[in-house]
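Right, one structure below, let's go through it.
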Amino acid sequence: MNDEPRLVPTSVLARVLGLSDRTIQRYRQLGVLKPDVVSPGGHARWNVEKVRQKLRELAEQGRDEA
1 MNDEPRLVPT SVLARVLGLS DRTIQRYRQL GVLKPDVVSP GGHARWNVEK VRQKLRELAE
61 QGRDEA
């Protein structure tokens, strides 16, 4: 059994998280999210669980600052 996390393209990540592709791309451009792998052609691959965790952390920070 392979214990390595599955990496998914931006469109799949967005669908799983209920966000638009553009939102993921914007977060990437702003440095909020960083893909695990970027192909030579510039295509991002993401670990869904890592992104979920990062978004949770950001939400917590937002609540703490409010």
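Read in order, the letters of the sequence shown correspond to residues 1 to 66 in full-length UniProt numbering.
Each residue gets a CB set at the ideal place from its N, CA and C atoms; glycine is no exception.
Look at Leu13 here: in three-state DSSP terms it is helix. In this structure, the CA atom of Arg22 is about 9 Å from the CA atom of Thr10. Arg6 carries a coil assignment under DSSP once its states are collapsed to helix, strand and coil. Annotation: the continuous alpha helix (DSSP H) that includes Lys50 extends over Val48 to Glu65.
Counted as a single uninterrupted DSSP element, the alpha helix (DSSP H) harbouring Asp21 occupies residues Asp21 to Leu30.
Leaving aside the five residues that flank Ala14 on each side, the residues in its chain whose CB is nearer than 8 Å to its CB run, in chain order, Ser20, Asp21, Thr23 and Ile24. Beyond the five residues adjoining it in sequence on each side, Lys54 comes within less than 7 Å, by CB distance, of Leu33 in the same chain, given in chain order.
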